Amino acid sequence: MLIPRTEHQGGRPTWDCRVCGQPWPCATAKVELAEQYQRFPHGLSVVVGSFLIEAIDDWAAGSGMPPPDLYERFLGWAEPPGLAA
Numbered sequence: 001m002l003i004p005r006t007e008h009q010g011g012r013p014t015w016d017c018r019v020c021g022q023p024w025p026c027a028t029a030k031v032e033l034a035e036q037y038q039r040f041p042h043g044l045s046v047v048v049g050s051f052l053i054e055a056i057d058d059w060a061a062g063s064g065m066p067p068p069d070l071y072e073r074f075l076g077w078a079e080p081p082g083l084a085a
């Protein structure tokens, strides 16, 4: 599992932030992750994409259907510049 360098990490299996309780990635995690991957924005997409896969697996294994905004929550905010539709 990849560990982001932020205290605001997703708690499994709910994927709420362990610090602030907001759906992860929370606002603080987004800022800190974006700063860490500023020079490598595609790397940010890979990292949060791997967490998206883990979240889907967690919801499928226990809590049923994932939230409908899951893609936007994990990846929509992290699209590298120039790729947004």
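When the letters of the sequence shown are read in order and numbered with full-length UniProt numbering, they come out as residues 1 to 85.
Heads up, the beta-carbon is just placed ideally off N, CA and C, and yes, glycines get one too.
Here the structure is a predicted model, which is why all the values come from computation and not from measurement.
At least 8 Å separates the beta-carbon of P25 from that of V46. With fewer than three CB-CB distances shorter than 8 Å, the region 58-67 does not count as touching the region 34-46. Taking a 10 Å sphere around the C-beta of A55, we find 16 or more other C-beta atoms and assign the residue as buried. Shown here, D69 sits in coil according to DSSP, grouped into three states, outside any helix or strand.
Shortest Cα-Cα distance from D58 to any of R39, R5, R12 involves R12.
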